[in-house]
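Residue numbers (our numbering), protein chains in the order written: chain A, 2 to 303; chain B, 2 to 303.
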């Protein structure tokens, strides 16, 4: 079983998000597990899983549907992005290895170009070049910046479909990676620079904790700054450790945590590791645990 | 996902076997993967998988249905057995640990007694006593022998339901164990003692290969002796290594292998390890590979 967690550049229009879900669920064998839409990020993250071939077909259809529904020329949001379907990672859950997910990513990337005419960059384990392993570096400049740079600098050309970005759908970053936990912590301040400072203090790349990627974001609808994180090695740095690190830094900067959110699902192991500590996760319930959710969805169909 | 591989003492009556399958498949979330019926063993092995709660309920229903359909007083067959549903192992596939399968086995064992009045012995990882880890020892004497011994010797009383065996359904051995490969090799002889000698030479308990359990069986319908094996550590001793060991011993004893069979499914890893060697497995095809079969069954339902 492979997990796939596409990030779409649409977090506000519920009807469009339902259509993206429907495109994914239209393949037999695919289990639709979770949808997380964020109006400030203007982004939604759909989590699904299933046998490799089913997941691949769902992903290809999702890329086409996103191109049909989303026009990046009029897209505004707090999160960096290069595509209508922005990021498309494949994650080995069980019975498959990372190698299988790399092969799947490459196959899906090729099909997205061939079927929909949207160029593709490969990242993380699926990357073809060392300077494209890191998603943030690959995505630098965003849709608008990358669109210009591709014209001027052959070194930024897509890995598949060399003709430049799609005029409205941009490009898709297709990757293979281990399971991660997307975890955001909201602060009792509307000063984004505070969130940036905390992100810098806790993230691995600037000497913080192993496996934390973090950036500061301003949530305009709430008037709050947020530390938006990916925990890429949750066995070493689980959410409660990230929470406590952010809490310490926030106190040092004269603010505090209001609450937090999971984007998508959390593996049971990470919940066990938290040992009952209150991380103030909004809307947390048993169905947010990956293993439980797969069991629920399997048991709801015959 | 948990795998469950019940062995039933009925391998001849197709209609009864269909009813056992139907009882298992009657639970939402359970994926029916494979049925292997053997008229000489007079035994069938049904492989299914799913979320723990679904698998547990299917297993409990299967125990009741077996008691309804099978009367051990009139059962004859080449394979040792103590119950209508004889053996009920739970196997961690993914997202669950051995501990979870042990807890599941204990819960299901209790329910089989409470719902159907059939006593239960726990074996392997689920065993409560060191002398019940080994299934062969637990099952010694078979239904007829154990039925008498339970009356005379309190030390052989079931773990759940101390009142003695069920008059027609016997008892169920409920266990938790790692994935194994049930692999039988047929010989060009009708002399069971030859199969016994080969079994003794290759099995771990008498100094053979790691992870091989083996016994000799006579297949009366074919007039052939068979080395019936469980490969409990296929990463160390995969089927092709067992095949070659049996082949050597057979040659030494003046006979040869005719062909072989898988009972149930084989993990992809073991197929890869065989590297294209011909093990003369009857009716082998891609759907006999566990991972493929789960993908097939998932993709066949919506």
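For glycine and all other residues, C-beta sits at the position ideal for the given N, C-alpha and C.
On a predicted model such as this, the values are computed, not experimentally measured, just so you know.
A direct Cα-Cα distance of roughly 30 angstroms separates residue 208/B from residue 291/B. Judged by DSSP in its simplified three-state form, residue 66/B adopts helix. Identification of chain B residues near residue 55/A by a Cβ-Cβ cut-off of 7 angstroms yields 300, ordered along the chain. Membership of residue 169/A in any alpha helix (DSSP H) is not indicated, and neither H nor E is assigned to it by DSSP. With its beta carbon at least 9 angstroms from every one in chain A, residue 5/B lies outside the interface. Residues of chain B with a Cβ closer than 9 angstroms to the Cβ of residue 94/A are, in chain order, 95 and 96. In this structure, 123/A is the residue among 89/A, 123/A and 94/A with its C-alpha nearest to the C-alpha of residue 161/A. Counted as a single uninterrupted DSSP element, the alpha helix (DSSP H) harbouring residue 143/A occupies residues 143-153.
The contact set of residue 292/A on chain B, defined by CB atoms closer than 7 angstroms, consists of 96 in chain order. Excluding the 5 residues flanking it on each side, residue 121/A has same chain C-beta neighbours closer than 7 angstroms at 110, 113, 114, 159, 160, 161, 162, 172, 173 and 175, in chain order.
When secondary structure is reduced to three states using DSSP, residue 199/B falls in the helix class.
If you compare the alpha carbons of 45/B, 127/B, 60/B and 69/B with that of residue 80/B, the shortest gap goes to 45/B.
Interface with chain A (9 angstroms Cβ-Cβ cutoff): residue 295/B is included. Straight across, the Cα-Cα distance linking residue 117/B with residue 65/B is about 6 angstroms. Residue 214/B is classed as buried because its beta carbon has at least 16 other beta carbons within 10 Å across all chains shown.
The beta-carbon distance between residue 211/A and residue 234/A, rounded to whole angstroms, is 6 angstroms. This is short enough to meet the 8 angstroms contact definition. Within chain A, the residues 296, 299 and 300 have their CB atoms less than 9 angstroms from the CB of residue 51/B, given in chain order.
Residue 125/B: member of the beta strand (DSSP E) spanning 121-125, first to last residue. Interface residue (Cβ-Cβ distance to chain B less than 9 angstroms): residue 142/A is not classified as such.
Annotation for residue 203/A: 209, 210, 213, 215, 228, 230, 243, 246, 247 and 250 place their beta carbon closer than 8 angstroms to its own, counting only its chain and skipping 5 residues before and after. Under the three-state reduction of DSSP, residue 189/B is assigned to coil, being neither helix nor strand. Contact between the segment 164-171 of chain B and the segment 137-148 of chain B is present: 3 or more CB-CB pairs across the two stretches fall below 8 angstroms. With distances taken between CA atoms, residue 134/B lies nearest to 90/B out of 90/B, 182/B and 253/B. Within the model, the alpha-carbon separation for residue 224/A versus residue 5/A is close to 32 angstroms. In the three-state reduction of the DSSP assignment, residue 90/B falls in the strand class.
Where residue 216/A is concerned, the enclosing beta strand (DSSP E) starts and stops at 213-220.
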